[in-house]
Each structure stands twice: as C-alpha cells, then as structure tokens.
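Working notes for the structure below.
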Amino acid sequence: MWLQRRIDLAARPRGFHLVTAEVVAALPELGALRVGLLHLLLAHTSASLALNEDASPAVRVDFERWLDAAVPEQAQFWTHRLEGSDDMPAHVKASLLGQSLTLPIADGRLALGTWQGIYLCEHRNHGGTRSLLATAWGESGGSEGD
Amino acid sequence: MWLQRRIDLAARPRGFHLVTAEVVAALPELGALRVGLLHLLLAHTSASLALNEDASPAVRVDFERWLDAAVPEQAQFWTHRLEGSDDMPAHVKASLLGQSLTLPIADGRLALGTWQGIYLCEHRNHGGTRSLLATAWGESGGSEGD
Amino acid sequence: MWLQRRIDLAARPRGFHLVTAEVVAALPELGALRVGLLHLLLAHTSASLALNEDASPAVRVDFERWLDAAVPEQAQFWTHRLEGSDDMPAHVKASLLGQSLTLPIADGRLALGTWQGIYLCEHRNHGGTRSLLATAWGESGGSEGD
Chain A
1 MWLQRRIDLA ARPRGFHLVT AEVVAALPEL GALRVGLLHL LLAHTSASLA LNEDASPAVR
61 VDFERWLDAA VPEQAQFWTH RLEGSDDMPA HVKASLLGQS LTLPIADGRL ALGTWQGIYL
121 CEHRNHGGTR SLLATAWGES GGSEGD
Chain B
1 MWLQRRIDLA ARPRGFHLVT AEVVAALPEL GALRVGLLHL LLAHTSASLA LNEDASPAVR
61 VDFERWLDAA VPEQAQFWTH RLEGSDDMPA HVKASLLGQS LTLPIADGRL ALGTWQGIYL
121 CEHRNHGGTR SLLATAWGES GGSEGD
Chain C
1 MWLQRRIDLA ARPRGFHLVT AEVVAALPEL GALRVGLLHL LLAHTSASLA LNEDASPAVR
61 VDFERWLDAA VPEQAQFWTH RLEGSDDMPA HVKASLLGQS LTLPIADGRL ALGTWQGIYL
121 CEHRNHGGTR SLLATAWGES GGSEGD
C-alpha cells in the first residue's frame, strides 16, 4: 500500500511547535498498515522537522534559545543578507535539524517512543503556511481475532 | 518482505559507542534481502544515532568534547532544569544528530561505506537501557549461481 | 520496483555544492515511479548531504562560514589530529548535517520544495571522489489518459 498526500500546516510564530496530532489526523489511512513507515518532507528551506520531548513546553523554549545562540543573526560572516537578518540563520538551522523524518508504523499507529513528538521548527519571523509531503507505505493486514 | 523488531541496547556511559555489530546480530533475517533498507528509530529524546568513523576511538572521544562545548550545560539561557543539568543539553544534542537512521541493504548485508559504523550517542549521565525499533523491508531473492 | 546504484561524484573543493541535476541524471528509471522514495547514502565520514536553497550561491558560502566558526579546527579539545587539522572537524560536520537523505518521488520526479536542492557538503580540504549509494523503490504505473 502506498499513500502520498500534501498536508498544509497553518502559519505559526517563530519557535518550536508540536504537530503530531495534526499530522496523524490528516492521514487516517495509516490505521490500515500492520507494519510500515511514514516519510515526511517539509518542502521549505528555512523551517525544519524534529522529534523530541512532547511533554514540557520549556523544552521547546530552550531549543529556540540554544539555536539563537548557536546560529547568531548578528554574526559578521554572513554574506546572504538580502532577505532579512533571520533568513540565512534560518537556512542553517533548517539543515542542522533536517527537513524530513522517517517514522515507523506498527499495528496502524505511529510507533514513536513514549516521550517523542513531531516538532515543526519555524526559523523565520514570518514563515507563513508550511507544506509537508507525507508518503506512507507498508503492509496492510488484519490482526485476526485480537 | 517486512521485518519489525525491538532491540534493547544495554546501558552505556555518557559518550559515543559503536553498536553496528550488536544491531546486525539482532537482525539475521537481513541476510535474505537482495536489495532493501533498514530503518532504526531510537525511541528516546536524550540519546541519538549517528553514522561515523568506526576505526579510531579518538574520534568518538572528540565528538563528545565538541558537543559538550557546543551545547554547554551551564549556559544561562536554559529554562528546563528540573531533570538535571545534563537533561536539556541532551535533548538538543539528540535532535542535532537525530534519533533515526535509514541504511541501504545489498546482497543480504548493510551496505555502509568502508569506514562507517553506527554510533549510539548517549547524552545523559545515566541514560539506562535504550530501545531501538528496527524496521527492514525489501526484495528477497537468491543470487543463483554466483 | 527496486533500483540500487552507485553514483560517483567528481572531486570538489571544500564547501557546499549543488548536485541535484547530477543525481537525477544518473537515475533515469525514477521516471517510471508513480509514487515512491529515493534514499541516498554518502559512503563517507567526512562529507555530508543536505537539502537547502538552490538559488543563491551566497547561501552555500555562508553554510561553510557558519560551520567553520561552529566547529573550529584550532580548538584545544581535539585529540584525533593524525589526519590533519581539517579531519576531525569534518567528521563532526558530517554527522551534524547527516550522510543520508530520503526524498519523495511523485509522478516520476523528485518531489522537492520549490527552492530545495541537494547539497554535497565537502568538509575535507582534499576529499577526492565521493560515492553515493542510491536506492529507489515504489509503485510504477501509467497515468492513464493524462
């Protein structure tokens, strides 16, 4: 079974945002997969996807704080400044965290760790709507009798 | 062919550890895949997986040294401090390196580069046992006569 | 359908290089996939793959500048110095960006975002030829009537 679908994520402020529930809700067909995988590609170069702690909002605040310190907007070495001081750092942040995730599916559900959630990491001040291309594949199959 | 199996990795000290042999030994069925892929998800948010040099132990020492300098435990900006000074940096390190790997299989073997090995990157002082969910898929098939 | 092929990328200077066209040209069979994925593994530990802005060359310059500042060759903490001052930083940079990409295919084409291109990130001063192992899989199928 193959499924491919574009999912548009509403615009969010700069920072880290949990989107697990929104992604899963857009893909009800995952329930038919006994075993498989879900691939997500964020079709942008200044935002990223990550998998991390989904319980404490402070963790998401600190991700933003660390990234802002590690990839400083005011560094003298940037040459690509045309699109604003948040633009080039956003490109670097996007590739540090990555724009895609591949996640296992077991018995019709995303098989993540207990504390793992999908983060949309918005690195621009005004990033706007972000598009995901979701591709799922695997073996469908009834779990007979249980 | 699809295979999905949980692999429990024994607790290791903070640092970088080669686990290629341990992962392969837990998945003897890979030998039947003529062409395919292996996906590994580490089901945690404070440890990670990486692919890097498997020969010199000094490389693994230096990974730890660089990460400790780049994501300092004593930075003033951390707000998530409840679980110890090694916790929030461990979350950041985990997403920098990533918690999953997708690796090609050719003729029944992991098709890595000559020097590539799978690292378990333990970012907590006392991380305990770590669980991997391994998913493999591909085409089985005999290589007749050669 | 499964396809697996080694692609040798010509030696390039240290820095970031767009290789999207070169990779696609080496894989004409992708045109037969209605839906699928392409996995690329760079079989090295001192170079990496990334997905980022393919329009402005200044973006690629700034990636190199940021990485050189973030992973300094002259840091006192490196212990692995035998292979030159660019070697250990190259290992770290390789795992920060990652040595593999998984990319969706739709209607016979790589389904990347408008501005996304594949970067070969060469972290050594003289890295030489770099090998990719490309694995593609998916559903072939005619688009009847359109």
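In order, the protein sequence lines correspond to chains A, B and C. This note's numbering puts the last residue of the first sequence at 146; the count rises by one with no breaks. This note's numbering puts the last residue of the second sequence at 146; the count rises by one with no breaks. This note's numbering puts the last residue of the third sequence at 146; the count rises by one with no breaks. Each residue gets a CB set at the ideal place from its N, CA and C atoms; glycine is no exception. Please read all numbers here as calculations on a predicted model, not as lab measurements.
Who are the Cβ neighbours of residue i in its own chain at under 6 Å, not counting the five residues just before and after it?
i, result
"Asn125 (chain A)", "Arg14, Asp86"
"Lys93 (chain C)", "Leu67, Val71, His123"
"Met88 (chain B)", "Trp78, His80"
"Gln4 (chain A)", "Thr135"
"Ser143 (chain A)", "Low confidence applies to Ser143 (chain A): its pLDDT is 49, below 50, so where it sits in the model is not reliable enough to give any reading."
Beta carbon of residue i, beta carbon of residue j: below 9 Å?
i, j, result
"Ser100 (chain C)", "Leu40 (chain C)", "yes"
"Leu112 (chain A)", "Ile7 (chain A)", "no"
"Val24 (chain A)", "Leu33 (chain A)", "no"
"Ser56 (chain C)", "Leu82 (chain A)", "yes"
For residue i and residue j, what's the separation of their Cα atoms in angstroms?
i, j, result
"Gly128 (chain B)", "Glu122 (chain B)", "9 Å"
"Ala90 (chain B)", "His17 (chain C)", "31 Å"
"Asp107 (chain B)", "Trp2 (chain B)", "16 Å"
"Leu103 (chain A)", "Leu110 (chain B)", "20 Å"
"Leu51 (chain B)", "Gly141 (chain C)", "35 Å"
"Arg60 (chain B)", "Ala134 (chain C)", "27 Å"
"Leu97 (chain C)", "Leu97 (chain A)", "8 Å"
"Ala75 (chain A)", "Gly36 (chain A)", "44 Å"
"Gly145 (chain A)", "Ser95 (chain B)", "Annotation note: pLDDT 36 at Gly145 (chain A) (below 50); position unreliable, no value reported."
"Leu42 (chain A)", "Trp115 (chain C)", "12 Å"
"Gly84 (chain B)", "Glu139 (chain C)", "48 Å"
"Ile105 (chain A)", "Ile105 (chain B)", "20 Å"
"Ala58 (chain C)", "Arg65 (chain B)", "31 Å"
"Ala11 (chain B)", "Glu73 (chain A)", "39 Å"
Can you list, in chain order, the residues of its chain with a C-beta nearer than 7 Å to that of residue i? Leave out the 5 residues immediately preceding and following it.
i, result
"Thr20 (chain A)", "Asp54, Gly117, Ile118"
"Trp137 (chain B)", "Met1, Trp2, Gly36, Leu37"
Assuming the contact rule is C-beta atoms closer than 8 Å, residue i and residue j should be a hit. Round their C-beta distance to whole Å, please.
i, j, result
"Trp78 (chain A)", "Asp68 (chain C)", "Between Asp68 (chain C) and Trp78 (chain A) the Cβ distance is about 13 Å, and since that is not below 8 Å, they are no contact."
Which same chain residues end up closer than 8 Å to residue i when comparing Cβ atoms and leaving out the 5 residues on each side of it in sequence?
i, result
"Leu9 (chain C)", "Val19, Glu22, Leu120, Thr129, Arg130, Ser131, Leu132"
"His44 (chain C)", "Ala94, Gln99, Gly127, Arg130, Ser131"
"Ala47 (chain A)", "Ala90, Ala94, Gln99, Leu120, Cys121, Glu122, His123, Arg124, Gly127, Arg130"
Report yes if the C-beta of residue i is less than 8 Å from at least one heavy atom of the ligand GDP; otherwise report no.
i, result
"Asp8 (chain C)", "This structure does not include the ligand GDP; it has no bound ligands of any sort."
Who are residue i's beta bridge partners in DSSP?
i, result
"Ser140 (chain A)", "A:Leu33"
"Gly117 (chain B)", "B:Asn52"
"Ser131 (chain C)", "C:Asp8"
"Ala47 (chain A)", "A:Glu122"
"Arg109 (chain C)", "C:Ala106"
"Trp2 (chain C)", "C:Trp137"
"Gly15 (chain A)", "A:Glu122"
"Leu41 (chain A)", "A:Ser100, A:Leu133"
Listing by chain order, which chain F residues have their CB less than 7 Å from the CB of residue i?
i, result
"Ser56 (chain B)", "Judged by its chain identifiers, the structure shown contains no chain F, and its protein chains are A, B and C."
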